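According to UniProt numbering, the sequence shown holds residues 1 to 437 in order. Backbone N, C-alpha and C define an ideal beta-carbon position, used for all residues, glycine too. All figures in this text were calculated on a predicted structure; none of them were measured in a lab. Since the structure comes first, as structure tokens, the remarks are kept for the end.
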Amino acid sequence: MRALTPPFGKYVADEARLEGEFRFQHSRLIDYSEEVALYGGHNAEKDTLDKGYFTLIKHVNYILRRRFYHGFMEDFVIKYFWGALGLMLCSVPVFVKMPGHIAMNMGDRTEAFVTNRRMLLSASDAFGRIMFSYREVMELAGYTSRVATLLDVMDDVQAGHFEKKLVSSSGVEGNEAVLKGRGTVHESNDITFIDVPIISPNGDVLIKALSFTLKHGDHLLVVGPNGCGKSSLFRILGGLWPVYGGTVYKPPFHAIFYIPQRPYLSRGSLRQQIIYPDSLRQMRARGVTDVDLLEYLKILGLEHLPELYEEGWDAEAEWRDVLSGGLQQRVAMARLFYHRPKYAILDECTSSVTLETEKAMYDTAKALGVTLMTVSHRRSLWKYHSHILQFDGQGNYVFTKLDADRRLKLEDEKEELEVRLRQVPELERRIAELTAA
1 MRALTPPFGK
11 YVADEARLEG
21 EFRFQHSRLI
31 DYSEEVALYG
41 GHNAEKDTLD
51 KGYFTLIKHV
61 NYILRRRFYH
71 GFMEDFVIKY
81 FWGALGLMLC
91 SVPVFVKMPG
101 HIAMNMGDRT
111 EAFVTNRRML
121 LSASDAFGRI
131 MFSYREVMEL
141 AGYTSRVATL
151 LDVMDDVQAG
161 HFEKKLVSSS
171 GVEGNEAVLK
181 GRGTVHESND
191 ITFIDVPIIS
201 PNGDVLIKAL
211 SFTLKHGDHL
221 LVVGPNGCGK
231 SSLFRILGGL
241 WPVYGGTVYK
251 PPFHAIFYIP
261 QRPYLSRGSL
271 RQQIIYPDSL
281 RQMRARGVTD
291 VDLLEYLKIL
301 GLEHLPELYE
311 EGWDAEAEWR
321 DVLSGGLQQR
331 VAMARLFYHR
341 PKYAILDECT
351 SSVTLETEKA
361 MYDTAKALGV
371 TLMTVSHRRS
381 LWKYHSHILQ
391 FDGQGNYVFT
401 KLDADRRLKL
411 EDEKEELEVR
421 LRQVPELERR
431 IAELTAA
């Protein structure tokens, strides 16, 4: 019997591994949900999840088939064999008179035996079903609770209720009028905001009315303290946040590309990291070859990357663990070169690269006709932009043309004055010492 038993231990280990990978894919998608949404990578992620799901289901079905045949053999060869043997042993006192027992005819003894056996089996089965049903009902309650929560959220989205109730929320009583309003979104070649409020998911109004116009070819630098609304502006452009008021003119979704500070690298080949969210078939339909992809990597100093792996462009790995932060940011910029959008949102995407690589990134992007919208505190990026949108963190902003040279001189003078101001207390103390002497 042992020789005929399949290796269920190995099957269970493989099933646990596939389930773990499937759960990991979902948790990964949750962690990078915003990046995937801004990339428009829902179809690519769906294909990845479907592949993991059907691989798991195929393996589970294989285990079930093996268990069916093994269970059939186990039940009929062992269970019923030993059961029949037990019945034969129990039937001895029924059919054979034992000395010292009350005389009963054979029919009475057989009836009592069969009746008691059936009652015991039925009672055992009934109690077992009750115990199992309680556990199953509790599991079902957990699943239905999660599904009900999901349906409630979807109903809120359909009804236009986007506010989250957070513990840290500062109260939205004074903002109710703004939260109830809805703005309009129109398609245009340029980006224009007209009296658009920027509101966080918990109802805090970051900017009451934002207005500016960015024409194609004008590069915008967005600066300001943390939490002032810089990234929120791009979430509105990407359609992740609703427009609570005013009017927004923006290009279609595919004309705006987003590169975050933490690049999203999908699970797939090296080639897929460059062309994401496109597939290989879509890449070929665009007339792009691996030679073109290699040219993009050469600009960023990554031409050696395909040569590091035996499979070349088809090499697969967990790229976010294999590549350093700087390499990930360069791969993300190669992705921008491949897609060549009209507008690109660069959110601190050069924080881990050298100034030479940064220059190659921006010069190439501008040469490809991409209008850049950059969030960064690096002074080295000022010269690549023609306009600046500056938030002060108090709900105010300034939108104006950017004179990089003049602004750099002012910043240098400001830093010099700050150094002098820090020396004032020491100078005053020294003057006091000299006066006392």
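Taking the beta strand (DSSP E) that Q390 belongs to, which residues open and close that run? 387 to 391 is the span of the beta strand (DSSP E), which, as asked, contains Q390.
State the DSSP-derived secondary structure class of L265, mapped to helix, strand or coil. DSSP places L265 in coil when its eight states are reduced to three.
Beta-carbon proximity check, E318 vs S269, cutoff 7 Å: For the pair E318 and S269, the CB atoms are not nearer than the 7 Å cut-off.
Please list the terminal residues of the continuous alpha helix (DSSP H) segment that includes V36. Element bounds for V36: 33 to 39.
What does H377 pair with, by DSSP beta-bridge criteria? None; H377 has no bridge partner.
Continuous beta strand (DSSP E) stretch holding V205: start and end: That run of the beta strand (DSSP E) goes 205 to 214.
Span separating the alpha-carbon of W382 from that of L206: Take the alpha-carbon of W382 and the one of L206: they are about 25 Å apart.
Any 3 or more C-beta pairs closer than 8 Å across the segment 18 to 33 and the segment 229 to 236: Here the segment 18 to 33 does not lie against the segment 229 to 236, with fewer than 3 beta-carbon pairs under 8 Å apart.
According to the Cβ coordinates, are L214 and L220 closer than 7 Å? In contact: L214 and L220 (Cβ atoms closer than 7 Å).
C-beta atoms of Y39 and P277 nearer than 7 Å: In terms of Cβ geometry, Y39 and P277 form a close pair [threshold 7 Å].
Burial state of M154, where buried means 16 or more other Cβ atoms lie within 10 Å: Exposed, by the Cβ-count rule.
Taking three-plus beta-carbon pairs below 8 Å as touching, is the segment 195 to 211 in contact with the segment 390 to 408? Yes, the segment 195 to 211 is in contact with the segment 390 to 408.
Selection from L64, Y309, C349 that minimises the alpha carbon distance to P7: Minimum Cα distance to P7 is reached at L64.
CA nearest to the CA of E411, picked from L280, G227, H377, G229: Among L280, G227, H377, G229, the Cα nearest to that of E411 belongs to H377.
With DSSP as the reference, identify every bridge partner of Y249, one or two as the case may be. According to DSSP, Y249 bridges with H186, T192.
How would you label G347, buried or exposed, when you count the other beta carbons within 10 angstroms and need 16 or more for buried? According to the sequence as given, residue 347 is Asp; it is not Gly. With 16 or more Cβ atoms within 10 Å of its Cβ, D347 is classed as buried.
Helix, strand or coil for A344? Go by DSSP, reduced to three states. Strand, per DSSP.
So, are the CB atoms of V137 and K230 less than 7 Å apart? No, the pair does not count as a contact, with Cβ atoms beyond the cut-off.
Return the first residue and the last residue of the beta strand (DSSP E) that L220 is part of. In the DSSP assignment, L220 falls within the beta strand (DSSP E) that extends over 220 to 223.
Give me, in chain order, the residues of the same chain whose beta-carbon lies closer than 6 Å to that of I299; leave out the 5 immediate sequence neighbours on both sides. Taken in chain order, the residues that qualify are A360, T364.
Here's the rule I'm using: 16 or more other beta-carbon atoms within 10 Å means buried, otherwise exposed. How should V427 be labelled? The question names Val, yet the displayed sequence has Leu at residue 427. Exposed.
Pick out the complete beta strand (DSSP E) segments inside the segment 318 to 373, 3 residues or longer, and give them in chain order. Fully enclosed beta strand (DSSP E) runs of 3 or longer: 343 to 347.
Whose CA, out of E187, A334, D403, lies closest to the CA of P263? Cα-wise, what sits closest to P263 is A334.
Closest by C-alpha distance to R267, when choosing among V322, Y62, Y384: If we check each option's Cα against that of R267, V322 comes out closest.
Beta-carbon separation of K342 and P252 under 7 Å? Between K342 and P252, the CB-CB gap reaches or exceeds 7 Å.
Does the CB of H254 have a neighbour CB from chain E at under 7 Å? Here chain E cannot be found, since the structure has a single protein chain.
Cβ of A13 versus every heavy atom of the ligand FAD: is any distance shorter than 6 Å? For the ligand FAD, the structure offers nothing, since it holds no ligand at all.
By the 10 Å Cβ neighbour count, where 16 or more other Cβ atoms means buried, how is I345 classified, buried or exposed? Buried, by the Cβ-count rule.
Skipping 5 residues on each side, what residues in its chain have a beta carbon closer than 7 Å to that of R17? Excluding residues up to 5 positions away in sequence, nothing lies with its Cβ nearer than 7 Å to the Cβ of R17 in the same chain.
Per-residue burial, Q329 [other beta carbons within 10 Å of its own, 16 or more giving buried]: Only buried fits Q329, as 16 or more other CB atoms lie within 10 angstroms of its CB.
Name the DSSP bridge partner or partners of Y397? Note: Y397 sits in a beta bridge opposite F391.
Just how far apart, CA to CA, sit S211 and D218? Between the C-alpha atoms of S211 and D218 there is a straight-line separation of about 16 Å.
Alpha carbon to alpha carbon, how far is T371 from E34? Distance between the alpha carbons of T371 and E34 is about 22 Å.
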